[in-house]
Amino acid sequence: MTGLLRRRFVPPTDIMELPDRIRVLVEIAGIQRENLDITLVNRMLVISGVRGRNTENSAAYHQLEIGYGEFRVEVALAWSIDQTEVSATYQDGFLQVDLPRHAEKNVHISGVREETEKHDTQV
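Every number in the numbering used here is 80 more than the matching position in the sequence shown, counting from 1.
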């Protein structure tokens, strides 16, 4: 399998909706923390990075299924996120990103006036 070009890979990703947050779980074993980049812009979470490979110069691969090189995961979010409370952990080959929803705000409107009809008056 020498001479094959490897494209950017997309690691397996689970997206869970919990009552107060979205949880994104990405399986990315073998990646160094310093090679991970997590960004949140508007309502788009982007997780990207690089997984290096220890290559044996004299090895001839018979099967090559593990993704190496650059990867990217994009998650479109359906609602506004509290960016001050976003958290991420990387353990046992899984990256977990928790994205808390903004608290819903109830707005009370008082002092609403009833509009009266305007009449044209002739003098």
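A virtual CB, placed ideally from N, CA and C, is assigned to each residue, including glycine.
Closest residue to residue i among the options (Cα-Cα distance)
i	options	result
T153	I127, R131 and G110	It should be noted that the sequence gives Val, not Thr, for residue 153. Among I127, R131 and G110, the Cα nearest to that of V153 is on I127.
L105	P91, P99 and N115	P91
R113	A139, Q171 and G191	Q171
H182	N115, E194 and R123	R123
T169	G132, A140 and L116	L116
R133	A139, Q143 and G149	G149
R87	D100, S138, E145 and T93	E145
D100	E194, E195 and W159	W159
Opposing strand residues paired with residue i [DSSP bridges]
i	result
P180	R101
V153	I127
Q112	Looking at the DSSP assignment, Q112 forms no beta bridge with any residue, so it has no partner.
I161	R181
Residue burial classification, residue i (beta-carbon count within 10 angstroms, cutoff 16)
i	result
V177	buried
9 Å Cβ cutoff met for residue i and residue j
i	j	result
I118	I161	no
F151	V130	yes
L50	L157	Residue numbering for the chain in the displayed model covers 81 to 203; residue 50 lies beyond these limits and cannot be assessed.
I108	V155	no
V166	L179	yes
Whole-number beta carbon distance between residue j and residue i, since they are thought to touch under 8 Å
i	j	result
F89	G147	3 Å
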